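Following: one structure in structure tokens, then a few remarks.
Protein chains: 2
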Amino acid sequence: MIRIGILGYGNLGRGVECAIKHNADEELVAVFTRRDPSTVKILTEGAAVVNVADIESWKDKIDVLIICGGSATDLPEMTPKYAKMFNVIDSFDTHANIPQHFANVDAAAKEGGKIAMISLGWDPGMFSVSRLYANSILTEGQTYTFWGKGVSQGHSDAIRRVPGVKDGKQYTIPVPEALEAVRSGSNPELTTREKHTRECFVVLEEGADPAKVEEAIKTMPNYFADYDTTVHFISEEELKANHSGIPHGGFVIRSGKTGWNDENTHVIEYSLKLDSNPEFTSSVLVAFARAAVRMAKEGQVGCKTIFDVPPAYLSSLSGEEIRAHLL
Amino acid sequence: MIRIGILGYGNLGRGVECAIKHNADEELVAVFTRRDPSTVKILTEGAAVVNVADIESWKDKIDVLIICGGSATDLPEMTPKYAKMFNVIDSFDTHANIPQHFANVDAAAKEGGKIAMISLGWDPGMFSVSRLYANSILTEGQTYTFWGKGVSQGHSDAIRRVPGVKDGKQYTIPVPEALEAVRSGSNPELTTREKHTRECFVVLEEGADPAKVEEAIKTMPNYFADYDTTVHFISEEELKANHSGIPHGGFVIRSGKTGWNDENTHVIEYSLKLDSNPEFTSSVLVAFARAAVRMAKEGQVGCKTIFDVPPAYLSSLSGEEIRAHLL
Chain A
1 MIRIGILGYG NLGRGVECAI KHNADEELVA VFTRRDPSTV KILTEGAAVV
51 NVADIESWKD KIDVLIICGG SATDLPEMTP KYAKMFNVID SFDTHANIPQ
101 HFANVDAAAK EGGKIAMISL GWDPGMFSVS RLYANSILTE GQTYTFWGKG
151 VSQGHSDAIR RVPGVKDGKQ YTIPVPEALE AVRSGSNPEL TTREKHTREC
201 FVVLEEGADP AKVEEAIKTM PNYFADYDTT VHFISEEELK ANHSGIPHGG
251 FVIRSGKTGW NDENTHVIEY SLKLDSNPEF TSSVLVAFAR AAVRMAKEGQ
301 VGCKTIFDVP PAYLSSLSGE EIRAHLL
Chain B
1001 MIRIGILGYG NLGRGVECAI KHNADEELVA VFTRRDPSTV KILTEGAAVV
1051 NVADIESWKD KIDVLIICGG SATDLPEMTP KYAKMFNVID SFDTHANIPQ
1101 HFANVDAAAK EGGKIAMISL GWDPGMFSVS RLYANSILTE GQTYTFWGKG
1151 VSQGHSDAIR RVPGVKDGKQ YTIPVPEALE AVRSGSNPEL TTREKHTREC
1201 FVVLEEGADP AKVEEAIKTM PNYFADYDTT VHFISEEELK ANHSGIPHGG
1251 FVIRSGKTGW NDENTHVIEY SLKLDSNPEF TSSVLVAFAR AAVRMAKEGQ
1301 VGCKTIFDVP PAYLSSLSGE EIRAHLL
């Protein structure tokens, strides 16, 4: 049995707990929390809830710690810290800061003699490895990533900060014509506006001016100004009834040329349609937890990404089984 | 530079030659052939054409040998034979015989202290690794593979063996309704007939009876009897003008459940749309040739499949570069 600890029990931590239930060779040993443990109710019978201050005493009781924190402030501090004591997994997703995070975590994991896997999930994660495979096979070509249809947490938060907004949800939606142009193999140049649209469902504070709120959202720099944005005003009940899920997904498409004179075109597409963004991310984390434990048993140390993991290490099946049934 | 040899110069060998041209860190050193070398014209200036009888003298001039033979009789004999002298790559695609082929090649490669990678291409190959990733992430679910639209060489050969047929091409086509049912996440049970249709373009011998030929094709066991098959009779000119390409492609789709009570559904899809089946397969082989050389340099030996190769080894870019640009 692979003994797993979860650090942080929000949407992602709960998703990891559910994913462990779907893997017969893994068990949840403990959830570590910054809250008072008596206030945290988990689903798994027999697993402990422990204050994170006591985590060090669990060093020999856990094979891998899945760190379920945010990328803005939690993970840059937590992952290096705990990589000194545990094999760790995180889902650090601030793309621009990955090289720095990698360096910090690598130094810490090597100091502790542990394996640390960072930036797992679907983007970064499965989308990244799809980009790498496709780029390595079709060396002359262009890669496109589209996100959605799905809820963007960051954009929903941005809406909720607009004066007059009581609550809101934002969906990122790929433009169908852009997807089709990319799939045709024509390698189009696409602007930000041409690739995605943004759809907002907004509950107003009493007395707020809808025109002013709509204007404030649509012109918000970075978040909305570069996109065609639609704003719908709905009631609180409707928001709760129809927009409380966290679906997401997207597409990685590469098209490229082969042949002595580049005469043939090929299109590789990888796509996800997810009912629950955090539960899918969690399922990826839990598969890579198995790989981390195997790599650690081989004596490997340091920071790894999805690019470094032989796919066979993700499966609970043996080499013979995967060659016979999946190859 | 990675020095590559090609054994066998048919569609696949020529595809490998073209793919090497698209990879700046690889060079074609020699093509080995069973034919009289003076009759084989290759495209690459400076590369040798050598009779396969003399291959052993190239042992130190080649880093990896890509064996471009057929799976029925060539590869089961060739890959173990040459894995004793070279790091080798093949595209062995008789799924049922992979375990036996793996065992033979593994023993030979270990004897020679070499790396051998078998069953590369897209199915087996990229489709296999897509199945493995998807199955490892969504452990409760169902995986479906669809092929096409594309030319099936085996089925085209079968048509051409029918009395009265002068020439012919067969396309395998996924049934759109089956694809949609799978994408919906409903995990349908699908029969062979429900998944694919077969479309044949046939040139008749003079005086042949079209009704008899059509009947012979449609009732052919294993090849056509279990499918809804359409037969079109066309002229030799039309066959040449419209059906001389070798396009192919397909879809690997897995849908599965997550959540404490399996309340959420996810769909993972990987698809290919290929103008040239052999050129895409070749592009995969050439990317894995790079990986084989790296693994050999690390001192690894024996038979490997796509499941054993860390994706990073496929790229000509460094770890820093792929983390910065593709993660």
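Going down the list, the sequences are from chains A and B. Everything in the first sequence is counted per this note's numbering, starting at 1 for the first residue and increasing by one. Everything in the second sequence is counted per this note's numbering, starting at 1001 for the first residue and increasing by one. Ideal Cβ positions, reconstructed from N, Cα and C, are used throughout, including at glycine. Quantities reported herein were computed from a predicted structural model and do not represent experimental measurements.
Task: Simplified DSSP assignment, three categories, for Arg-1254/B - done: Note: Arg-1254/B maps to strand in three-state DSSP.
Open item on the list: For a contact defined as C-beta to C-beta under 7 Å, what are the partners of Asp-1025/B on chain A?
Closed with: Going along chain A, no residue has its Cβ under 7 Å from Asp-1025/B, so there is no contact; the nearest lies around 10 Å.
TODO: Would you verify that the beta carbon of Ser-318/A is, or is not, closer than 8 Å to some beta carbon of chain B?
DONE: It does not; no Cβ of chain B falls within 8 Å.
TODO: Could you name the residues of the same chain whose beta carbon sits closer than 8 Å to that of Leu-204/A, not counting the 5 residues immediately before and after it, in chain order?
DONE: So the qualifying residues of the chain are Gly-164, Val-165, Lys-166, Pro-210, Val-213 and Phe-233.
Open item on the list: Within 10 Å of its beta-carbon, does Pro-221/A have 16 or more other beta-carbons around it, so buried, or fewer, so exposed?
Closed with: Counting Cβ neighbours within 10 Å, Pro-221/A comes out exposed, since fewer than 16 surround it.
TODO: Note the first and the last residue of the continuous beta strand (DSSP E) segment covering Gly-1015/B.
DONE: Not the beta strand (DSSP E): Gly-1015/B falls in the alpha helix (DSSP H), residues 1011–1021.
Open item on the list: Under 8 Å, with one C-beta from each stretch per pair, do the segment 1017–1030 of chain B and the segment 1097–1114 of chain B reach the 3-pair mark?
Closed with: Put simply, the segment 1017–1030 of chain B does not touch the segment 1097–1114 of chain B. Fewer than three CB pairs are less than 8 Å apart.
TODO: Determine, using beta carbons only, whether Ile-67/A comes closer than 8 Å to chain B.
DONE: Interface residue (Cβ-Cβ distance to chain B less than 8 Å): Ile-67/A is not classified as such.
Open item on the list: Please list, in chain order, the chain A residues whose beta carbon lies closer than 9 Å to that of Leu-1075/B.
Closed with: Correct list: empty, because the minimum Cβ distance to chain A is about 14 Å.
Task: Pairwise C-alpha distance: Gly-150/A and Gly-250/A - done: Cα to Cα, Gly-250/A sits roughly 8 Å from Gly-150/A.
Open item on the list: Counting only Cβ-Cβ distances shorter than 7 Å, please list the residues of the segment 258–278 of chain A near chain B, keeping chain order.
Closed with: Listed by position along the chain: Thr-258, Gly-259, Trp-260, Asn-264, Thr-265, His-266, Val-267, Ile-268, Glu-269, Tyr-270, Ser-271, Leu-272, Lys-273, Leu-274, Asp-275 and Ser-276.
Task: Reduced DSSP category for Pro-311/A - H, G, I as helix; E, B as strand; rest coil - done: DSSP, reduced to helix, strand and coil, places Pro-311/A within a helical segment of the structure shown.
TODO: Quick one: using the 10 Å Cβ neighbour count with 16 as the cut-off for buried, is Thr-33/A buried or exposed?
DONE: Label assigned to Thr-33/A: buried.
Task: Option in Glu-1045/B, Lys-1081/B, Asp-1262/B and Thr-1305/B with minimal Cα separation from Leu-997/B - done: Chain B is shown from 1001 up to 1327; residue 997/B falls before or after that span and cannot be answered.
Open item on the list: So if DSSP puts His-1248/B in a beta bridge, which residue, or which two residues, is it bridged to?
Closed with: Beta-bridge partners of His-1248/B (DSSP): Leu-1274/B.
Open item on the list: What does the Cβ neighbour count give for His-1196/B, buried or exposed, with the cut at 16 atoms within 10 Å?
Closed with: A buried status is given to His-1196/B, since no fewer than 16 other beta-carbon atoms sit within 10 Å of its beta-carbon.
Open item on the list: Can you pull the chain A neighbours of Ile-1004/B, defined as C-beta to C-beta under 9 Å?
Closed with: The premise fails here: Ile-1004/B is roughly 15 Å from chain A at the closest Cβ pair, so nothing lies under 9 Å.
TODO: List the residues of chain B that Leu-43/A touches, going by C-beta distances under 8 Å, in chain order.
DONE: Chain B residues near Leu-43/A: Trp-1260.
Open item on the list: Helix, strand or coil for Met-126/A? Go by DSSP, reduced to three states.
Closed with: It is helical.
Task: Opening and closing residue of the beta strand (DSSP E) in which Gly-168/A lies - done: Unbroken beta strand (DSSP E) run through Gly-168/A: 165–174.
Task: Candidates Glu-263/A, Tyr-171/A and Ser-71/A: closest to Ile-118/A by CA position - done: When the alpha-carbon of Ile-118/A is set against those of Glu-263/A, Tyr-171/A and Ser-71/A, the nearest one is in Ser-71/A.
TODO: Quick one: using the 10 Å Cβ neighbour count with 16 as the cut-off for buried, is Leu-1043/B buried or exposed?
DONE: Classification of Leu-1043/B: exposed, given that the 10 Å Cβ count is below 16.
Task: Backbone CA spacing between Val-1202/B and Ile-1159/B [nearest angstrom] - done: Val-1202/B and Ile-1159/B: Cα-Cα distance of roughly 8 Å.
Open item on the list: Considering just the uninterrupted stretch of the beta strand (DSSP E) at Ala-1116/B, what are its terminal residues?
Closed with: Where Ala-1116/B is concerned, the enclosing beta strand (DSSP E) stretches over 1115–1117.
Task: Residue-level contact to chain B via CB, Tyr-144/A, 8 Å cutoff - done: Output row for Tyr-144/A: interface = no.
- [ ] Could you please give me the residues that DSSP links to Asn-1135/B through a beta bridge?
- [x] In DSSP, Asn-1135/B forms no bridge with anything.
Task: Validate contact between the segment 289–299 of chain A and the segment 1295–1302 of chain B using beta carbons, cut 8 Å, 3 pairs - done: Fewer than three Cβ pairs drawn from the segment 289–299 of chain A and the segment 1295–1302 of chain B lie within less than 8 Å of each other, which leaves the two stretches out of contact.
Open item on the list: Less than 6 Å between C-beta atoms, sequence neighbours within five positions excluded: which residues of the same chain meet that for Thr-1191/B?
Closed with: Nothing meets the Cβ criterion.
Open item on the list: If the criterion is Cβ atoms closer than 8 Å, does the pair His-243/A and Lys-169/A meet it?
Closed with: It is a contact, given that the beta carbons lie within the stated cut-off.
Task: Environment of Arg-193/A [buried if 16+ CB atoms lie within 10 Å] - done: Burial call: exposed.
Open item on the list: The alpha helix (DSSP H) that contains Glu-1027/B, what's its start and end?
Closed with: Bounds of any alpha helix (DSSP H) do not take in Glu-1027/B; it lies within the beta strand (DSSP E) bounded by 1026–1033.
- [ ] Please report how far the alpha carbon of Gln-142/A lies from the alpha carbon of His-1325/B, in whole angstroms.
- [x] Each residue's alpha carbon lies about 13 Å from the other.
Task: Minimum Cβ-Cβ distance from Glu-140/A to chain B less than 8 Å - done: Using beta-carbon distances, Glu-140/A counts as an interface residue toward chain B, with a partner under 8 Å.
Task: Buried or exposed (CB count within 10 angstroms, at least 16 for buried), Lys-1304/B - done: With 16 or more other Cβ atoms within 10 Å, it is buried.
TODO: Starting from the beta carbon of Met-295/A, find every residue of chain B whose beta carbon is closer than 7 Å, and list them in chain order.
DONE: In chain order: nothing, as chain B lies at least about 10 Å away.
Open item on the list: Against chain A, does Ser-1152/B count as a neighbour if the rule is that its beta carbon must be under 8 Å from one of theirs?
Closed with: Output row for Ser-1152/B: interface = no.
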